[in-house]
Amino acid sequence: MFFVLAKLFSFVATPSHFALILLVVGSALLFTRHYRVGRWLVVVPVVLAAIGLPGTIQLLAQPLENRFPANPPLCRIDGIILLGGGEAPKLSRDRDQPILLTRSGKYFAAIDLLRRFPDARLIVAAGSGAWDPEGTHETDVAAALFAEAGVDPHRLIFETQSRDTWENFRNAKAIVAPKPGEHWVLLTGAMHMPRAVSIAQQVGFPVIPWPTDYRTRTAHLFLDNDLAESIELLDNSFHEWIGLLIYRLTGRSAALLPSSTPTDSGCAPTPSS
1 MFFVLAKLFS
11 FVATPSHFAL
21 ILLVVGSALL
31 FTRHYRVGRW
41 LVVVPVVLAA
51 IGLPGTIQLL
61 AQPLENRFPA
71 NPPLCRIDGI
81 ILLGGGEAPK
91 LSRDRDQPIL
101 LTRSGKYFAA
111 IDLLRRFPDA
121 RLIVAAGSGA
131 WDPEGTHETD
141 VAAALFAEAG
151 VDPHRLIFET
161 QSRDTWENFR
171 NAKAIVAPKP
181 GEHWVLLTGA
191 MHMPRAVSIA
201 QQVGFPVIPW
211 PTDYRTRTAH
221 LFLDNDLAES
231 IELLDNSFHE
241 WIGLLIYRLT
251 GRSAALLPSS
261 TPTDSGCAPT
271 PSS
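Under UniProt numbering, the first residue of the sequence shown carries the number 1, and numbering increases by one thereafter.
Listed below in structure tokens is the structure:
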């Protein structure tokens, strides 16, 4: 039920969808006795978008992407968690090749970390967040990508039953059973990282954040994107902030925003005996 309600709310509350709903309703009201209300519903979203879109995106997106440092120092890791997202399982199946539509950076990071730490294992927590999975999974794409990269399949674990980030971590923890003192690196998009870390903390799975796939510059005040990319970025950042709030209110995360204090990355000096 949570999954269905979350999907419905996310669809309606997405800024571009909400603005479109206002425009459609407003346009319809223009031909009724409530035409004044319709006029406002048509004009207000357009004006607000024109005036506030660039600044709004920066205010929403940058705090999320800047929450954790990029490329944190690593001295020893026991495993890697790669969260799904960006894979195109149906398209990959139809075209007979692994296809990523977005967020490919986490796969490059995973391959690099697996080479740097040959004893580390990797779990891909993905499944399908689609309404109708049709037997396709994001992990199918991941498996094909890692096979093409020459990764030893014995180092890979695939979690295929999850539909959201909460289930990603709950299921991944049950599968890998992390031990105290182990170091697990979390790979996901920088914008999604705060919510993912907070959920991981709530289920008791300590992770080292390794954000990837940045969409904003560190402190740039102006957008470099075209209009379509800007609207998509606004939708994504708004989705993450709403997700942070809902997951916190429903007890699925440890904090509205997790602490940005550096996580133990296995580089602490060993006490002399």
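C-beta atoms are modelled at their ideal positions from N, C-alpha and C, and glycine is treated no differently.
- Taking the CA atoms as reference points, L233 sits about 11 Å from T14.
- The three-state reading of DSSP puts F108 in helix, counting H, G and I together.
- Put simply, of G266, I57, A19 the residue whose alpha carbon is nearest the alpha carbon of V44 is A19.
- Exclusion of the five residues before and after A70 leaves P211 as the residues of its chain whose Cβ lies within less than 7 Å of its Cβ.
- Rounded to the nearest whole angstrom, the C-alpha separation of D119 and L22 is 54 Å.
- Excluding the 5 residues flanking it on each side, A126 has same chain C-beta neighbours closer than 6 Å at G84, E138, T139, in chain order.
- In this structure, R103 places its C-beta atom within 9 Å of the C-beta atom of G86.
- For L82, the enclosing beta strand (DSSP E) begins and ends at 79-83.
- Nearest to T136 by alpha-carbon distance, out of R121, A147, L114, S162, is S162.
- Within the stretch 208-258, the complete alpha helix (DSSP H) runs of at least 4 residues fall at 227-249.
- Under the DSSP definition of a beta bridge, R121 partners with G79.
- In this structure, L145 sits near L100, with a CB-CB distance shorter than 9 Å.
- Distance from the CA of F158 to the CA of L59, rounded to the nearest whole angstrom, comes to 36 Å.
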